[in-house]
Every structure is written in C-alpha cells, then in structure tokens.
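Undergrad: All residue numbers for the sequence shown refer to the UniProt record's numbering, where the first residue is 1 and numbers rise by one.
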Amino acid sequence: MSKQQAPLTLVDLNADTPCCPPLAQRRVPAETAALLAPAFKALGDPVRLRLMSMIASAEGGEACVCDLTPAFDLTGPTISHHLKTLREAGLVDAERRGTWVYYRARPGILRQLATLLSVEPAPSSQG
1 MSKQQAPLTL
11 VDLNADTPCC
21 PPLAQRRVPA
31 ETAALLAPAF
41 KALGDPVRLR
51 LMSMIASAEG
61 GEACVCDLTP
71 AFDLTGPTIS
81 HHLKTLREAG
91 LVDAERRGTW
101 VYYRARPGIL
111 RQLATLLSVE
121 PAPSSQG
C-alpha cells in the first residue's frame, strides 16, 4: 500500500470545511497557493490588517465606512482603496445603504487562512 497522499483539491473557500491541511503538515499545492495568496497579500498591509480587524471585531458583525475612516490619518479615498482591496481579495463583503457602505468579514475565508497557518502537529498514524 502506498503512503503517498492523494492530491489536494480545492473546495469553496467560504465553506466551513478547511480547503487544505496546515502547511506545517503538508506542502501547499501551487493552485491552492495561487488561490489564497491574494488574501494574504491584502492582509500584508498594516492599514488593511487594521481595517480587517476593525470589521471582523465590530459589534453586530459589520462596520460602516463612516466608522472606519476616522480611525486613520488617511483620506477617505485612500481608505476606500484599501477596503476595495480587501473586498477583491474575498475577505469582506460590502453592502451600500443610502450614502454609506457597510463591510462584513467573510468568516469562511478567514477560517481557511487560519487553518493553513495552524502549527498543530500532524495526527499520529499509530492507533
């Protein structure tokens, strides 16, 4: 019997089931890395990381751009650019209500990223 593991296949990144095991347990396939890299890249900017934290921890699970902008010494258009980057990376959803846009974190993709970065040891094959 071969000990070679079956290749990973991608699943919905918003699903509750992890797309892949932690990178400490198994190499990340190229297609998975290409799919997840934009989210990691988006979070690689300090402003976007703070915005993501503010949105994810907001009471009620969503944050208005009107509440996010004052927390930074940046112009409204710059904050909008950063929020657009988070949205395009699949990390947040946006909904316009009147003149304001409300942002909500997408927990599925955040779980996928967290699982991938987990450093839990691989399960023992001994019974």
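We put the beta carbon where it would ideally sit given N, CA and C, even for glycine.
So, helix, strand or coil for L117, using DSSP?
TA: helix
Undergrad: Following the continuous alpha helix (DSSP H) through L63, name the residue where it begins and the one where it ends.
TA: In the sequence on display, residue 63 carries Ala and not Leu. Unbroken run through A63 is the beta strand (DSSP E), 62-64; no alpha helix (DSSP H).
Undergrad: With a threshold of 9 Å between beta carbons, is E95 in contact with chain B?
TA: The structure shown has no chain B; it contains just one protein chain.
Undergrad: How should A37 be labelled, buried or exposed, when 16 other C-beta atoms within 10 angstroms of its C-beta is the threshold for buried?
TA: exposed
Undergrad: Distance, Cα to Cα, A114 vs A42?
TA: 15 Å
Undergrad: Pairs of beta-carbons, one from the segment 87-101 and one from the segment 40-58, closer than 8 Å: are there three or more?
TA: Flag = yes, the segment 87-101 and the segment 40-58 touch.
Undergrad: Near residue 138, which residues of its chain fall below 8 Å by C-beta distance, leaving aside the five closest residues on each side in sequence?
TA: Nothing in the structure corresponds to residue 138, since the chain is present only between 1 and 127.
Undergrad: Specify the secondary structure class of R27 as computed by DSSP and reduced to three states.
TA: coil
Undergrad: Kindly indicate which three-state DSSP category R106 falls into: helix, strand or coil?
TA: coil
Undergrad: Determine the DSSP secondary structure at A89, reduced to helix, strand or coil.
TA: coil
Undergrad: Could you name the residues that DSSP lists as bridge partners for V101?
TA: Answer by DSSP bridge pairing, in chain order: R96.
Undergrad: Comparing alpha-carbon positions, which option in A30, F40, R27 lies nearest Q112?
TA: Comparing Cα positions, the closest option is F40.
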